[in-house]
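S.K.: Quick note: the sequence shown, position 184, residue 184 per the UniProt record's numbering, numbers continuous.
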Amino acid sequence: MFKKILIANRGEIACRVIKTARRMGIQTVAVYSDADARAPFVQMADEAVHIGPAPAAQSYLIAEKIIEACKQTGAEAVHPGYGFLSERTSFAEALAAEGIEFIGPPVNAIAAMGDKIESKKLAKEAGVNVVPGYVGEIEDTEHAVQISNDIGYPVMMKASAGGGGKGMRLAYSEKDVREGFESVKREGLNSFGDDRVFIEKFILNPRHIEIQILGDKHGNILYLNERECSIQRRHQKVVEEAPSPFVTEKMRKAMGEQCVALSRAVGYYSAGTVELIVSGADPSGESFYFLEMNTRLQVEHPVTEAITGVDLVEQMIRVAAGEKLEMTQDDVKIDGWAIENRVYAEDPYRGFLPSTGRLVRYSPPVAGWEDDGAENPDNLNGRRGIDGIRVDDGVYEGGEVSMFYDPMIAKLITWGKTRDEAADKQIAALDAFEIEGLGHNIDFVSAIMQHPRFRSGELTTGFIAEEYPEGFTGAATSEELKVKLAAVAGFVATARSDRSRRISGQLADPTDPPADWTVTIDKTDYVVVLDEDVVTVNGEEVELALEYTPGDRLVEAEVDGEDLGIKLEITRTGFKMTTRGAIHKVDCLPTRVAYLSQHMIEKIPPDLSKFLICPMPGLLVALNVSEGEKVEAGQPLAVIEAMKMENILRAEKSGVVKSVNAKAGESLAVDAVILEME
Numbered sequence: 001m002f003k004k005i006l007i008a009n010r011g012e013i014a015c016r017v018i019k020t021a022r023r024m025g026i027q028t029v030a031v032y033s034d035a036d037a038r039a040p041f042v043q044m045a046d047e048a049v050h051i052g053p054a055p056a057a058q059s060y061l062i063a064e065k066i067i068e069a070c071k072q073t074g075a076e077a078v079h080p081g082y083g084f085l086s087e088r089t090s091f092a093e094a095l096a097a098e099g100i101e102f103i104g105p106p107v108n109a110i111a112a113m114g115d116k117i118e119s120k121k122l123a124k125e126a127g128v129n130v131v132p133g134y135v136g137e138i139e140d141t142e143h144a145v146q147i148s149n150d151i152g153y154p155v156m157m158k159a160s161a162g163g164g165g166k167g168m169r170l171a172y173s174e175k176d177v178r179e180g181f182e183s184v185k186r187e188g189l190n191s192f193g194d195d196r197v198f199i200e201k202f203i204l205n206p207r208h209i210e211i212q213i214l215g216d217k218h219g220n221i222l223y224l225n226e227r228e229c230s231i232q233r234r235h236q237k238v239v240e241e242a243p244s245p246f247v248t249e250k251m252r253k254a255m256g257e258q259c260v261a262l263s264r265a266v267g268y269y270s271a272g273t274v275e276l277i278v279s280g281a282d283p284s285g286e287s288f289y290f291l292e293m294n295t296r297l298q299v300e301h302p303v304t305e306a307i308t309g310v311d312l313v314e315q316m317i318r319v320a321a322g323e324k325l326e327m328t329q330d331d332v333k334i335d336g337w338a339i340e341n342r343v344y345a346e347d348p349y350r351g352f353l354p355s356t357g358r359l360v361r362y363s364p365p366v367a368g369w370e371d372d373g374a375e376n377p378d379n380l381n382g383r384r385g386i387d388g389i390r391v392d393d394g395v396y397e398g399g400e401v402s403m404f405y406d407p408m409i410a411k412l413i414t415w416g417k418t419r420d421e422a423a424d425k426q427i428a429a430l431d432a433f434e435i436e437g438l439g440h441n442i443d444f445v446s447a448i449m450q451h452p453r454f455r456s457g458e459l460t461t462g463f464i465a466e467e468y469p470e471g472f473t474g475a476a477t478s479e480e481l482k483v484k485l486a487a488v489a490g491f492v493a494t495a496r497s498d499r500s501r502r503i504s505g506q507l508a509d510p511t512d513p514p515a516d517w518t519v520t521i522d523k524t525d526y527v528v529v530l531d532e533d534v535v536t537v538n539g540e541e542v543e544l545a546l547e548y549t550p551g552d553r554l555v556e557a558e559v560d561g562e563d564l565g566i567k568l569e570i571t572r573t574g575f576k577m578t579t580r581g582a583i584h585k586v587d588c589l590p591t592r593v594a595y596l597s598q599h600m601i602e603k604i605p606p607d608l609s610k611f612l613i614c615p616m617p618g619l620l621v622a623l624n625v626s627e628g629e630k631v632e633a634g635q636p637l638a639v640i641e642a643m644k645m646e647n648i649l650r651a652e653k654s655g656v657v658k659s660v661n662a663k664a665g666e667s668l669a670v671d672a673v674i675l676e677m678e
């Protein structure tokens, strides 16, 4: 077994690998950029080596710096995590040339399966179903249009070397192809150093199901069941679960055996994932097609660990060291259900715009996952976290989410005996997950967990677009929940008033705090009265149990038998209460003065429609118009790159460009004015 390994990655996955290596008695080496000098993974590792500036192209993507760090520290092997160099054949070859073990699959497998075009050819030759498409070289935009017209819309344009949702565009028409083809090429070149693109038919009502593969260097290859990853936004996975609510035992066996055969054809070993697109319209499950194989560890691997008990990182290290798998296919079981939500730095209330900045407050629902190997059969040696809640992260309160890397803040994994139990644990854990200082998607994923369609298991990759066509404004809130929130608001307001009356030096004697409140939620008034141990809302008694001390940000209450976790923020006239996937602006005034609020003058926001405003911090990649040019509503005006993704900004209305305030190549702050319309 290795004595020392280097992790050629950062953030959450670097922490994940370090924890398992530590349990195995293996020393670890971290490499870090300027932006990550104070990151948790750097502190956790036994040694750390600085490898360059913040941009990944100048640090984490330079193989020579990784190899030099190995030589400097005596690391015998490298775990690449996911992203960065994890699927780069040149990196694995360079390590081999230096006698350093690559904790991953063989070079030939990475080469064969890592290239989407070549892997499709190989799969087709092996008799595996593949999605109809064009797998040759595409010359230019006109050629792309011709191919798309021949295949028939809709089509998907993908960067050949892409992954993680990067370098992908869905086109429903020739216009979409003309607009998106060059962007796909640029994203492929910028993120992966390869601008080749392929085009394939887009399967309507598709489900994204993937099979986890694990093999050793002695010819043993297993499949560790499936993961359902259909809930995606812009082809980036948001929710993953294992097993899939769609897959039957017969389907699982057919998919698994076919994926094992494909893996065997390329001599695969280590962990890997075969991604399939499955027609949700075919309940037989026979209509599944090979998409690609990710020759690395997946972000969503914890859900597989939670239901099988297999530590995938540990197995990767053991396989790289030459050990045989100790399990057989018959040993792979399914115990319970696991769901993972990716907590991203993005603002779902503003069209999911990337959000960067400092984590002013970061308090997960349970302590970060520790791979302590504690013998606990119900917890599978800790892989199910604490009471079925596991947080994998690599950030800290006071740290910064940088524009240079992926926007994921943490992964929240829950395990339950049933799918509903795992989803319920997600909702409760998300309510208790405190993040302040930047936008995040906690409310959004909580809304998904509560959505009737999610609960039914009727999922497709179009779920988010279909269920939130006008964007996200918060989860639907029942009248019963509003009554409960009103009761909590009245209690908190009384507690705050009680504290205020105790302040010394007041002109008059302390008065009793108000106990009769008018609470306004979503323009509906609720009269809340506190009388000794009785709380009523609109005259109806509410059973309320909670502890609150002025200053508490999180209130845990039991209201009419329901446990609620409510994030609380004080406002001038009440509170901002966040729970169950929605933010509620709550006005809370003593009833004797509440009627006066109707006389307050409403402030009208200024009209900003004539300005094109940068919606996020990012790089202005392209400016498509110039001063004096006439534009039409919906016309692309500029392209902003942030968090490794390109975003097209369009004209909201027709007009003429009055002035241009920025130029291509500039880094822009959020709300910077790019141009003004007449």
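Quick reminder that beta carbons are idealized off the backbone N, C-alpha and C, glycines included. Note that the structure is predicted; figures quoted are calculated from it, not measured.
1) In the structure shown, what three-state DSSP assignment does E397 receive?
2) Which residue comes first and which comes last in the alpha helix (DSSP H) that contains E536?
3) Would A651 pass as a contact of V673 if the rule is Cβ separation under 8 Å?
4) How many angstroms separate the CA atom of residue 731 from the CA atom of V401?
5) For the putative contact between G267 and A109, defined by C-beta atoms under 8 Å, what is the C-beta separation to the nearest angstrom?
6) Where DSSP assigns a beta bridge to Q212, which residues make up the other side?
7) Since I believe E646 is in contact with E187 (beta carbons under 8 Å), could you give me their beta-carbon distance rounded to a whole number of angstroms?
8) May I ask you to report which of helix, strand or coil DSSP gives A389?
9) When you compare only the Cα positions, how much space is there between V670 and M616?
10) Where do the N-terminal and C-terminal ends of the beta strand (DSSP E) with I199 fall, by residue?
11) Using a 10 Å radius around the Cβ and a threshold of 16 neighbouring Cβ atoms, would you call E177 buried or exposed?
12) Run through DSSP, which three-state label would Y595 get?
13) I need the straight-line Cα distance from E434 to P407, nearest angstrom please.
14) Identify every run of the beta strand (DSSP E) within the region 469–513, keeping only runs that are complete inside it and at least 3 residues long; order them along the chain.
15) Which runs of the beta strand (DSSP E) at least 3 residues long sit entirely within the region 83–161? Give them in chain order.
16) In whole angstroms, give me the CA-to-CA distance for E228 and R350.
17) Could you spell out the range, first to last residue, of the alpha helix (DSSP H) harbouring C70?
18) If I measure Cβ to Cβ from G152 and keep anything under 8 Å in the same chain, skipping five residues before and after, which residues do I get?
19) With DSSP collapsed to three states, give me the class of P206.
20) With H, G and I counted as helix, E and B as strand and the rest as coil, what does DSSP make of S446?
21) Taking 8 Å as the threshold, find out whether the region 410–424 comes into contact with the region 326–333 through three or more Cβ pairs.
22) Assess, as a yes-or-no matter, whether the region 520–540 is touched by the region 479–488 under the definition of 3 or more beta carbon pairs within less than 8 Å.
23) When the Cα of E340 is compared with those of A271, H235 and S230, which residue comes out closest?
24) Bridge partners of I640, per DSSP?
25) Roughly how many angstroms lie between the CA atoms of L359 and G368, to the nearest whole one?
26) What are the boundary residues of the beta strand (DSSP E) that K567 is part of?
27) Return helix, strand or coil for K324, following the three-state DSSP convention.
28) Report buried or exposed for K116, applying the criterion of at least 16 other Cβ atoms within 10 angstroms of its Cβ.
29) Where in the region 295–340 do unbroken runs of the alpha helix (DSSP H), each at least 4 residues long, occur, reported from the N-terminal end onward?
30) Ends of the beta strand (DSSP E) at I18?
31) Which same chain residues, not among the five before or five after I613, have their C-beta less than 8 Å away from its C-beta?
32) Specify the secondary structure class of I427 as computed by DSSP and reduced to three states.
33) In whole angstroms, what is the alpha-carbon distance linking E479 and E627?
34) Can you tell me whether DSSP reads N190 as helix, strand or coil?
35) Could you please give me the residues that DSSP links to T28 through a beta bridge?
36) Between which two residues does the alpha helix (DSSP H) carrying E370 extend?
M.R.: Based on what the coordinates show:
1) coil
2) For the record, residue 536 in the displayed sequence is Thr; it is not Glu. No alpha helix (DSSP H) contains T536, which is instead part of the beta strand (DSSP E) from V534 to V537.
3) no
4) Coverage of the chain is limited to positions 1 through 678, which leaves residue 731 absent and any answer about it impossible.
5) 6 Å
6) T273
7) 6 Å
8) For the sequence presented, residue 389 should be read as Ile rather than Ala. I389: strand per DSSP, three-state reduction.
9) 4 Å
10) V197 to K201
11) Contrary to the premise, residue 177 reads as Val rather than Glu in this sequence. Classification of V177: buried, given that the 10 Å Cβ count is 16 or more.
12) Note: Y595 maps to helix in three-state DSSP.
13) 17 Å
14) none
15) Complete beta strand (DSSP E) runs here, min 3: 155–159.
16) 27 Å
17) Unbroken alpha helix (DSSP H) run through C70: A63 to T73.
18) K201
19) strand
20) Reduced to three states, the DSSP call for S446 is helix.
21) no
22) yes
23) S230
24) L620 and N647
25) 16 Å
26) E562 to I570 is the span of the beta strand (DSSP E), which, as asked, contains K567.
27) coil
28) buried
29) 301–308 and 312–320
30) Premise fails: I18 lies in the alpha helix (DSSP H), G11 to R23, not in any beta strand (DSSP E).
31) D671, A672, V673 and I674
32) Helix, per DSSP.
33) When rounded, the distance between both Cα atoms is 52 Å.
34) helix
35) Residue pairing by DSSP places T28 opposite I5 in a beta bridge.
36) That residue, E370, is in no alpha helix (DSSP H); it is neither H nor E in DSSP.
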